[in-house]
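Chemist:
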Amino acid sequence: MPKFDYYIFRFFVIWYIIGVFLLSFDLVPPWLEWANVVFLITSGFLAMIYFYRSGSKVYGLIAIAIVFFLSIAIESFGVHTGLFFGEYTYESDFGPKLIGVPVTIGFAWVMVIGTSHVLAAPLAKAVPRLKGLSYALYGALVATSLDLIIDPVAYDVKQYWVWDEGGLYYDIPFSNFYGWFILSFVLHLLIYGLYHRSDGWINRRSEYWSARMRLLYGMMALMFIIVALVNQLWLAPALSAATAMCYYFVYYILKKRTSAHDKS
Numbered sequence: 112m113p114k115f116d117y118y119i120f121r122f123f124v125i126w127y128i129i130g131v132f133l134l135s136f137d138l139v140p141p142w143l144e145w146a147n148v149v150f151l152i153t154s155g156f157l158a159m160i161y162f163y164r165s166g167s168k169v170y171g172l173i174a175i176a177i178v179f180f181l182s183i184a185i186e187s188f189g190v191h192t193g194l195f196f197g198e199y200t201y202e203s204d205f206g207p208k209l210i211g212v213p214v215t216i217g218f219a220w221v222m223v224i225g226t227s228h229v230l231a232a233p234l235a236k237a238v239p240r241l242k243g244l245s246y247a248l249y250g251a252l253v254a255t256s257l258d259l260i261i262d263p264v265a266y267d268v269k270q271y272w273v274w275d276e277g278g279l280y281y282d283i284p285f286s287n288f289y290g291w292f293i294l295s296f297v298l299h300l301l302i303y304g305l306y307h308r309s310d311g312w313i314n315r316r317s318e319y320w321s322a323r324m325r326l327l328y329g330m331m332a333l334m335f336i337i338v339a340l341v342n343q344l345w346l347a348p349a350l351s352a353a354t355a356m357c358y359y360f361v362y363y364i365l366k367k368r369t370s371a372h373d374k375s
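Position one of the sequence shown corresponds to residue 112 (the working numbering), numbered consecutively onward.
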């Protein structure tokens, strides 16, 4: 394992701990707002390393490019038309933009798809048929569940972006969540087509980064849960904690079942 991999993950963990403390108690000064950009880029970069290390480097780069550029393209479509995630505008500076969307959003989507892919991947081996569809639907559910805690904090607490229309869940339009689900579903289908063959996944080379992706999903959920609880949001943290625990439980059950089947 290259030393760079250990150092970049350790850097993220340190940045993460500092960020949780500063965000929870609203201690981020205006001159330090760039720290949010570094955090999002680093989290996405970790998922990029996962895709690059876990199988063919060429396939890894293709997966990164698909998730990064397609997510930015769909986000741009949503920003300019309001037809995908609802009509919204960014209130905070998330760094340079590409076709009207901060490039940090592309990094964030790579993180979301990388982590949800790892948690959903065992399902493709557990189901007898329609493996790709089952995996993509479940992966989209895992990814969208993360947004149940991200958006209430980003919108209701931090106001990183605002919607022009409301909704029942923390005044967030429902279109935002089905937009997340549809985009996640499409991206997972593409990942399945790229990495899955008749005998299983071909991107299982790096257990180190696979484990880090499982951990990263929980770390991201936990950070937003803590910030939400400090700011007295109760429903979102409860939903996020419950869904995350379910996904980890399902993951380990499926891994145990498929491992036992391989040994029989």
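For each residue, glycine too, the CB sits at the ideal point set by N, CA and C.
Since this is a predicted model, take the numbers as computed values, not measurements.
Three-state secondary structure (DSSP) at residue 181?
Modeler: Sequence index remark: in the sequence shown, residue 181 carries index 70 (1-based). Here residue 181 sits in helix by DSSP.
Chemist: Check whether the stretch 249-260 touches the stretch 179-193, counting contact only when three or more Cβ pairs, one atom from each stretch, lie closer than 8 angstroms.
Modeler: With the cut-off at 8 angstroms, the stretch 249-260 and the stretch 179-193 do not touch.
Chemist: Look at residue 284 and residue 291 and say whether their C-beta atoms are less than 8 angstroms apart.
Modeler: Counting from one through the sequence shown, the residue named residue 284 turns up at place 173. Counting from one through the sequence shown, the residue named residue 291 turns up at place 180. Taking 8 angstroms as the Cβ cut-off, residue 284 and residue 291 do not qualify as a contacting pair.
Chemist: Distance check for residue 257 and residue 282, CA to CA, integer angstroms please.
Modeler: Mapped onto the sequence shown, residue 282 falls at position 171. Mapped onto the sequence shown, residue 257 falls at position 146. One C-alpha to the other measures close to 17 angstroms.
Chemist: Please tell me whether residue 226 and residue 158 are closer than 8 angstroms, where the distance is taken between their beta carbons.
Modeler: As a working mapping, residue 226 is identified with position 115 in the sequence shown. As a working mapping, residue 158 is identified with position 47 in the sequence shown. Yes; because the gap between Cβ atoms is below 8 angstroms, this pair is in contact.
Chemist: I'd like to confirm the pairing. Which residues does DSSP put opposite residue 274 in its beta bridges?
Modeler: Working through the sequence shown from its first residue, we reach residue 274 at position 163. For residue 274, which the question treats as bridged, DSSP gives the partners 199.
Chemist: What did DSSP end up calling residue 209 once you bin it into helix, strand or coil?
Modeler: Mapped onto the sequence shown, residue 209 falls at position 98. Reduced to three states, the DSSP call for residue 209 is strand.
Chemist: Kindly indicate which three-state DSSP category residue 283 falls into: helix, strand or coil?
Modeler: Sequence index remark: in the sequence shown, residue 283 carries index 172 (1-based). DSSP places residue 283 in strand when its eight states are reduced to three.
Chemist: Whole angstroms is fine: what's the gap from residue 148's alpha carbon to residue 216's?
Modeler: As a position in the sequence shown, residue 148 is number 37, starting the count at 1. As a position in the sequence shown, residue 216 is number 105, starting the count at 1. Their backbone Cα atoms lie some 9 angstroms apart in a straight line.
Chemist: Between residue 270 and residue 202, what straight-line distance do the alpha-carbon atoms span, to the nearest angstrom?
Modeler: The residue given as residue 270 occupies position 159 in the sequence shown. The residue given as residue 202 occupies position 91 in the sequence shown. The straight-line gap from Cα to Cα measures roughly 7 angstroms.
Chemist: Tell me, please, which residues DSSP counts as bridged to residue 308.
Modeler: The count along the sequence shown starts at 1 and reaches residue 308 at position 197. Note: residue 308 sits in a beta bridge opposite 311.
Chemist: Around the C-beta of residue 196, are 16 or more other C-beta atoms found within 10 angstroms, so that it is buried, or is it exposed?
Modeler: Position 85 of the sequence shown, counted from the first residue, corresponds to residue 196. By the neighbour-count rule (16 or more Cβ atoms within 10 Å), residue 196 is buried.
Chemist: Just to confirm, is the Cβ distance from residue 177 to residue 301 under 8 angstroms?
Modeler: Here residue 177 refers to the residue found at position 66 when the sequence shown is read from its first residue. Here residue 301 refers to the residue found at position 190 when the sequence shown is read from its first residue. Yes, the pair counts as a contact, with Cβ atoms nearer than the cut-off.
Chemist: Report the CB separation of residue 321 from residue 214 in whole angstroms; it is logged as a contact under 8 angstroms.
Modeler: Translated into the one-based positions of the sequence shown, residue 321 becomes position 210. Translated into the one-based positions of the sequence shown, residue 214 becomes position 103. In fact, because the Cβ distance is near 26 angstroms, the residues do not count as touching under 8 angstroms.
Chemist: Which of helix, strand or coil does DSSP assign to residue 262?
Modeler: Taking the first residue of the sequence shown as position 1, residue 262 is located at position 151. Residue 262 falls in the helix class under three-state DSSP.
Chemist: Residue 128: buried (16+ other C-beta within 10 angstroms of its C-beta) or exposed?
Modeler: The residue you call residue 128 lines up with position 17 of the sequence shown. Looking at its Cβ environment, which holds fewer than 16 other Cβ atoms inside 10 Å, residue 128 is exposed.
Chemist: Considering only residues of the same chain and omitting the five flanking positions on each side of residue 307, which have a CB-CB separation below 8 angstroms?
Modeler: In the sequence shown, the residue the question calls residue 307 occupies position 196. Correct list, in chain order: 235, 242, 243, 246 and 313.
Chemist: Quick check on the DSSP output: the alpha helix (DSSP H) that includes residue 267 runs from which residue to which?
Modeler: As a first step, residue 267 is located in the sequence shown; it is residue number 156 there, counting from the start. Neither: residue 267 is in no alpha helix (DSSP H) and is coded neither H nor E.
Chemist: Leaving aside the five residues before and after residue 237 along the sequence, list all residues of the same chain whose C-beta is less than 7 angstroms from its C-beta, in chain order.
Modeler: Working through the sequence shown from its first residue, we reach residue 237 at position 126. Once the five neighbours on either side are set aside, the close Cβ partners of residue 237 are 365, 368 and 369.
Chemist: Under three-state DSSP, which class holds residue 138?
Modeler: Your numbering for residue 138 matches position 27 in the sequence shown. Correct three-state label for residue 138: coil.
Chemist: Using CA coordinates, which residue listed in 152, 122, 162 and 155 is at the minimum distance from residue 318?
Modeler: As a first step, residue 318 must be located in the sequence shown, where it is residue number 207. Checking every option, the nearest Cα to that of residue 318 belongs to 162.
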